[in-house]
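Each remark here refers to the structure printed beneath this line.
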Amino acid sequence: AQKVTQAQTEISVVEKEDVTLDCVYETRDTTYYLFWYKQPPSGELVFLIRRNSFDEQNEISGRYSWNFQKSTSSFNFTITASQVVDSAVYFCALSEDQGYSTLTFGKGTMLLVSP
Amino acid sequence: DSGVTQTPKHLITATGQRVTLRCSPRSGDLSVYWYQQSLDQGLQFLIHYYNGEERAKGNILERFSAQQFPDLHSELNLSSLELGDSALYFCASSAGTRDEQFFGPGTRLTVL
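Residue numbers (the working numbering), protein chains in the order written: chain A, 1 to 115; chain B, 1001 to 1112.
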């Protein structure tokens, strides 16, 4: 069975600090997809990124970057120079390639960025 | 705005009652997914429909059912409601069956 673990329940930083959110996953499939979603205080879930298991190239998008390492089953997310607007709950999710992409979510990490 | 709409935004009802949550996917998306978010269980997948057909079931109770109509909107029916059913119910849509999912704003259900 697939499982996603986000060991950090809550992280507090001061604006402009860099912060890394950890995600460790378990799956028996060789083909799978990893996702990060953001849930701001308003409650909606915002899609951030999707990576497949064959693409370990790390990605940078503005202040966001993702580090995918199959050897350690991790898909970590870093925010550089954090801002107050980054305060949200961040969810890591896994989807196995079963012909449909239902998501298994981690418990989420609440990020609080203070001015 | 993801393009996925959900109604109602809030719903307050009593134990034993039945409610219907509605979801309209993004234009062109054929897949609709339902998820439940509660404090103790986190975000859990309930059910997936693709072009009107049920494709996958997750941790969905027998008291819950869903369907996807020919116009691709979906409804989640919750019956014999219990206090523990209080949660945020999300609908998501995707173009196919393996694409990223875009979530609606959710329906917050409170069972008193």
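No residue lacks a Cβ here, since even glycine has one placed at the ideal position from N, Cα and C.
Under a three-way DSSP split, which group does K3 of chain A fall into?
strand
State the start and end residues of the unbroken beta strand (DSSP E) segment that holds R1055 of chain B.
E1053 to K1057
So, do the segment 107-115 of chain A and the segment 83-92 of chain A have three or more beta carbon pairs nearer to each other than 8 Å?
yes
Consider the Cβ of G1052 of chain B: report whether some Cβ of chain A lies at a distance smaller than 7 Å.
Taking Cβ atoms only, chain A never reaches closer than 7 Å to G1052 of chain B, which makes this a no.
I need the boundaries of the beta strand (DSSP E) containing V85 of chain A, first residue and last residue.
Neither: V85 of chain A is in no beta strand (DSSP E) and is coded neither H nor E.
Taking C-beta pairs closer than 8 Å, name the residues in chain A that F1090 of chain B reaches, listed in chain order.
L45
Going by beta carbon distance, what residues of the same chain come within less than 6 Å of Q57 of chain A, once the five residues before and after it are set aside?
none
Pull up the distance between the alpha-carbon of F1069 of chain B and that of T1107 of chain B, whole angstroms please.
19 Å
Mind checking whether F68 of chain A and W36 of chain A have CB atoms under 7 Å apart?
no
Closer than 7 Å by beta-carbon distance: list the chain B residues that pair up with R51 of chain A, in chain order.
Under the 7 Å cutoff, chain B gives no residues; its nearest Cβ is about 10 Å from R51 of chain A.
Give the residues of chain B in contact with F35 of chain A, contact being defined as C-beta atoms less than 9 Å apart.
Residues of chain B whose Cβ lies closer than 9 Å to the Cβ of F35 of chain A are, in chain order, E1100 and Q1101.
Just verifying my parser: in three-state terms, what is the DSSP assignment at K38 of chain A?
strand
Going along chain B, which residues have a C-beta under 9 Å from Y62 of chain A?
In the sequence as presented, Tyr is not what sits at residue 62 of chain A; that position holds Gly. Correct list: empty, because the minimum Cβ distance to chain B is about 18 Å.
Would you check if the segment 19-32 of chain A and the segment 1006-1025 of chain B touch, i.e. whether three or more CB-CB distances between them fall below 8 Å?
no
Is it the case that the CB of V84 of chain A approaches a heavy atom of the ligand ZN more closely than 6 Å?
Although the ligand ZN was asked about, the structure shown includes no ligands whatsoever.
Would a C-beta distance cut-off of 7 Å place V113 of chain A and V13 of chain A closer than the cut-off?
yes
If Q2 of chain A sits next to D22 of chain A, beta carbons under 8 Å apart, how far is it from one beta carbon to the other, in whole angstroms?
Actually they do not touch by this definition, with Cβ atoms about 17 Å apart.
Show which residues of chain B have a CB atom less than 9 Å away from the CB atom of F91 of chain A.
G1042 and L1043
Please give me, in chain order, every unbroken run of the beta strand (DSSP E) with length at least 3 that falls completely inside the segment 1014-1053 of chain B.
You should have 1019-1024, 1031-1038 and 1042-1050.
Based on DSSP bridge pairs, tell me the residues matched to L1078 of chain B.
B:V1019 and B:F1064
For G1058 of chain B, which residues from the same chain have a beta carbon less than 6 Å from its beta carbon, with the 5 sequence-adjacent residues on both sides left out?
F1045 and L1046
Listed from N- to C-terminal order along the chain, which residues in the segment 1-20 of chain A have their beta-carbon within a distance smaller than 8 Å of any beta-carbon of chain B?
Contact residues of the segment 1-20 of chain A toward chain B are absent (C-beta to C-beta distance below 8 Å).
Any C-beta of chain A sitting closer than 7 Å to the C-beta of P1105 of chain B?
yes
What residues of chain B sit near K70 of chain A, judged by a beta carbon separation below 9 Å?
Here the premise fails: no neighbours, minimum Cβ distance about 19 Å.
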